[in-house]
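Reviewing the structure listed below.
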Amino acid sequence: MNIDLSEALDTKYGRSGLSAEVGVDAVELGEEHVLTIPNVPRPDKFLSDTFKGQEAEVLKFAHGTTTLAFVFKHGIIAAVDSRASMGVYIGSGTVKKIIEINPFLLGTMAGGAADCSFWERDLGRQCRLFELRNKERISVAAASKLLVNSVSRFRGMGLSMGTMIMGWDKTGPALFYVDNDGTRLKGNLFSVGSGSTFAMGVLDIGYKYDLSVEEACELGRRSIYHATHRDGASGGNINSTISQENFPGLLVPASVSHALVIPSPRLLFCYSLPRWRRWMDEDQHRGFRSEALPVQS
5 MNIDLSEALD TKYGRSGLSA EVGVDAVELG EEHVLTIPNV PRPDKFLSDT
55 FKGQEAEVLK FAHGTTTLAF VFKHGIIAAV DSRASMGVYI GSGTVKKIIE
105 INPFLLGTMA GGAADCSFWE RDLGRQCRLF ELRNKERISV AAASKLLVNS
155 VSRFRGMGLS MGTMIMGWDK TGPALFYVDN DGTRLKGNLF SVGSGSTFAM
205 GVLDIGYKYD LSVEEACELG RRSIYHATHR DGASGGNINS TISQENFPGL
255 LVPASVSHAL VIPSPRLLFC YSLPRWRRWM DEDQHRGFRS EALPVQS
């Protein structure tokens, strides 16, 4: 059987203008990223009908996770579980649901693991292009807008993604919620996933803006812990990260007992919680802090 792929290979569906003499790697970063869609008259209807039987949907995996993030006086805390579910089965207990987009931006994973992972990696590519073109770092608001523009083109085509984009820019810490329906919200506290209602109950009681670093880390861990206890689709390890300004390495997630801490938004070092306590008790940090921070008038 011969299949005509000429329409699917047309420039409006994917890569265009590539010469045999030009390497793909040389142009891939700069060209517009377009996914190839099914070569049918109604792609959205095709995707819907493909996953449905005569009476009910044939493939419909139940998604389950618990992720949260909130802004406080010293930065942003993100805390997540690590369980990946495949319907009623546990697919993995060690999933990394805090995704590093670039050294100053974080994203979380809720919904389909493949969708979140792909689109947040693609967002990292777009952020890098922005930096190269404009010679400055992209803001958190602009990055979240790029993500929502990317996924809203595929609304109704089966994407499953609920993510929080967070980081530091010229305006300070910022936190946005973005999902596959094109929703984009800015706020100081979000929780996403099947266990989010349980996590929000704990957050509503304990959250306040002037939390210390230790109190914020403990609040994030406690919220995820209670959510994993009540929600069968959440579980595994509790991973938490604190995001603060001007530190490229701050976005590496740490385990529940070693949350990352930056003592001040303008300090350039990252400490685990026990080491941070020792550092604050020593006299040597005072001289460094006076040099790193501007004098208050």
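Its first residue numbered 5, the sequence shown is counted upward by one per residue in my numbering. Backbone N, C-alpha and C define an ideal beta-carbon position, used for all residues, glycine too. Here the structure is a predicted model, which is why all the values come from computation and not from measurement.
Sort the options by Cα distance to residue i and report the nearest one.
{"i": "glycine 160", "options": "Asp185, Met204, Tyr229", "result": "Asp185"}
{"i": "leucine 72", "options": "Arg46, Ile94, Asn43, Ile102", "result": "Ile102"}
{"i": "isoleucine 81", "options": "Thr232, Ser154, Ala146, Leu207", "result": "Leu207"}
{"i": "serine 143", "options": "Thr69, Tyr211, Asp173, Phe180", "result": "Asp173"}
{"i": "phenylalanine 122", "options": "Glu104, Leu133, Asn138", "result": "Glu104"}
{"i": "threonine 175", "options": "Arg141, Tyr211, Arg157", "result": "Arg141"}
{"i": "lysine 100", "options": "Ala118, Phe108, Pro107", "result": "Ala118"}
Under a three-way DSSP split, which group does residue i fall into?
{"i": "alanine 73", "result": "strand"}
{"i": "methionine 165", "result": "strand"}
{"i": "serine 148", "result": "helix"}
{"i": "alanine 114", "result": "coil"}
{"i": "serine 2", "result": "Since the displayed the chain opens at 5 and closes at 301, residue 2 lies outside it and no answer follows."}
{"i": "asparagine 106", "result": "strand"}
{"i": "valine 206", "result": "helix"}
{"i": "aspartate 119", "result": "helix"}
{"i": "serine 89", "result": "strand"}
{"i": "histidine 262", "result": "Residue confidence for histidine 262 is low, a pLDDT of 33 falling below 50, so the modelled location carries little weight; the figure read from the coordinates is stated next. Correct three-state label for histidine 262: coil."}
{"i": "valine 99", "result": "coil"}
{"i": "serine 198", "result": "coil"}
{"i": "proline 298", "result": "Only weak support exists for where proline 298 lies, its pLDDT of 34 falling under 50; the coordinates are left without a value."}
{"i": "glycine 191", "result": "coil"}
{"i": "valine 155", "result": "helix"}
{"i": "isoleucine 228", "result": "helix"}
{"i": "aspartate 319", "result": "Outside the modelled stretch of the chain, which goes from 5 to 301, sits residue 319, for which no answer is possible."}
Quick one: using the 10 Å Cβ neighbour count with 16 as the cut-off for buried, is residue i buried or exposed?
{"i": "glutamate 135", "result": "exposed"}
{"i": "proline 177", "result": "buried"}
{"i": "leucine 189", "result": "exposed"}
{"i": "arginine 87", "result": "buried"}
{"i": "valine 44", "result": "exposed"}
{"i": "glycine 171", "result": "buried"}
{"i": "histidine 233", "result": "exposed"}
{"i": "glutamate 124", "result": "buried"}
So, are the CB atoms of residue i and residue j less than 7 Å apart?
{"i": "tyrosine 213", "j": "phenylalanine 74", "result": "no"}
{"i": "leucine 151", "j": "valine 182", "result": "yes"}
{"i": "alanine 146", "j": "isoleucine 169", "result": "no"}
{"i": "glycine 116", "j": "serine 164", "result": "yes"}
{"i": "serine 198", "j": "glycine 111", "result": "no"}
{"i": "isoleucine 228", "j": "aspartate 85", "result": "yes"}
{"i": "glycine 166", "j": "alanine 114", "result": "yes"}
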